[in-house]
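J.:
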Ligand SMILES: [Zn+2]
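Residue numbers (our numbering): 45 to 474.
#1: Taking just the CA atoms, how far does residue 283 sit from residue 132?
#2: Helix, strand or coil for residue 347, going by three-state DSSP, please let me know.
#3: Give the straight-line distance between the Cα atoms of residue 426 and residue 342, rounded to the nearest whole angstrom.
#4: Nearest to residue 188 by alpha carbon, out of 47, 142 and 227?
#5: Who sits around ligand 1, taking every residue whose Cβ is closer than 5 Å to one of its heavy atoms?
#6: Counting only beta-carbon atoms, is residue 77 nearer than 8 Å to chain D?
#7: Quick one: complete alpha helix (DSSP H) runs, 4+ long, within the segment 379 to 413?
#8: Smallest Cα separation from residue 306: which of 321, 212, 288 and 158?
#9: Return the chain-ordered list of same chain residues with a C-beta closer than 8 Å to the C-beta of residue 204, the five sequence neighbours on each side being excluded.
#10: For residue 301, count the other beta carbons within 10 Å of its own beta carbon; 16 or more makes it buried, fewer makes it exposed. Which is it?
#11: Buried or exposed: which applies to residue 474, given that a residue is buried once 16 or more other Cβ atoms fall within 10 Å of its Cβ?
#12: Taking 8 Å as the threshold, find out whether the segment 401 to 421 comes into contact with the segment 225 to 245 through three or more Cβ pairs.
#13: For residue 463 and residue 274, I'd like the C-alpha separation in whole angstroms.
#14: Going by other Cβ atoms of all chains shown within 10 Å of its Cβ, with 16 needed for buried, is residue 455 buried or exposed?
#15: Among all the DSSP beta bridges, which residues are the ones paired with residue 335?
#16: Within a Cβ cutoff of 6 Å, which residues of the same chain sit near residue 222, ignoring the five residues on either side of it in sequence?
#17: Hey, residue 17 and residue 313: beta-carbon distance below 8 Å or not?
#18: Could you tell me whether the segment 255 to 262 touches the segment 160 to 168, where touching means 3 or more Cβ pairs closer than 8 Å?
#19: Assign residue 371 to one of three DSSP states: helix, strand, or coil.
#20: Which residues in the same chain have their Cβ closer than 6 Å to the Cβ of residue 281, if we skip the five residues on either side of it in sequence?
#21: For the segment 367 to 374 against the segment 317 to 325, do three or more pairs of beta-carbon atoms, one drawn from each stretch, fall closer than 8 Å, so that the two count as touching?
#22: Whole angstroms are fine: how far does the CA of residue 318 sit from the CA of residue 172?
#23: Which same chain residues end up closer than 6 Å to residue 195 when comparing Cβ atoms and leaving out the 5 residues on each side of it in sequence?
#24: Put residue 62 into one of helix, strand or coil per three-state DSSP.
#25: Can you tell which of 390, 246 and 88 has its C-alpha closest to the C-alpha of residue 286?
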């Protein structure tokens, strides 16, 4: 099997889907026509490898490589149907447990080609490698595409894995809306997913022995270590806050400065405060998105919404930083006569990856560096409930969520080999 070719073909097949014009990266938002094409690719890829395709009730896609003679009706395999005494070591999962690998296919606006797809393409490729060596696995292996990981459309990240693990309330999820006012419930229904059925899936989780996500690194950690592949130790606690500033629309050419209640001026204070607070408190704080109403060149804005993203190694640091930024914006809001409301849209506590699984992976791979990351991932959501791990592939520039995001094909192959070795260890040996 020419691994470079297998990976390159996967990226080439996905390349035209959701590509923005003029090389501006990808616009692959959840539950859109573009997403439908990505999901159709997943189903085709499953079929091409002879894997059993399934969409779960949270819109996540699964492709199952079943042990020979054990093609289960439905999924996961019914308790008691597995080979006896094959408890995945160190996982505490039942003997008929399965192992999963995957990531996501959606993107941020102007996203790169690797964040997400590498883990899905790599998951399929790893199964293909193992199919060449084994008639079948000892326990089922699933390749997963988690729905709406980036949260670009509905504002909450990792929707598919949050719902699966119960980290997102189904009612709150159904009520999420996109910029056009379409609810997540309606968007799910339009794709044939019953919005009433979303929510924690204990049956599936109870049989998931381990989840491994292959992902491009979103920083330069591995570059600094001169290592093509690493394993994740933890994901920083992180959250999103919506800052709503309400002032008064007026004419830019006639309204005296003293008479203005300019919400954009106050929002600018918040943007600047985020950087200043981050610099002195050891967190990362970013305002990367604002909505200005009415957004006119010659109009003082009436309403501005700004989204604050904050991450740090400790939750207390994140909380303190957000409070300080909100206080700074609040003081400026009072001076300007602007109303400020701060709402937490999502918060994800620190994800600590299962130490036993990580030790096992390091052992299988013969020693790879471990590193923490500030980026959220489906594996982080799963780590709260089941043993989960991440394999990072070197990103020479560290640039991510950008069309320039890149990993060398050789490093992607190293990541693929690592993933295949881990899956082989977890699922192909008694
Ligand atoms: Zn990702």
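From the three backbone atoms N, C-alpha and C, an ideal C-beta is built for every residue, glycine too.
Note that this is a predicted model, so its numbers are computed, not measured.
T.: This is what the structure holds:
#1: A caution first: residue 132 carries a pLDDT of 45, below 50, which makes its placement in the model unreliable, though a value can still be read off. Each residue's Cα considered, the two are about 33 Å apart.
#2: strand
#3: 48 Å
#4: 142
#5: 159 and 160
#6: No chain D is part of this structure, which consists of one protein chain only.
#7: 399 to 409
#8: 288
#9: 102, 103, 104, 148, 190, 191, 192, 193 and 422
#10: exposed
#11: It is exposed - the Cβ of residue 474 has fewer than 16 other Cβ atoms within 10 Å.
#12: no
#13: Looking at the two C-alpha atoms, the distance is approximately 11 Å.
#14: buried
#15: 349
#16: 197 and 198
#17: Any question about residue 17 goes unanswered here, given that the chain covers just 45 to 474.
#18: yes
#19: helix
#20: Excluding sequence neighbours, residue 281 sits near 359, 362, 393 and 394.
#21: yes
#22: Approximately 46 Å, taken between the alpha carbons.
#23: 201
#24: coil
#25: The option with the nearest alpha carbon to residue 286 is 390.
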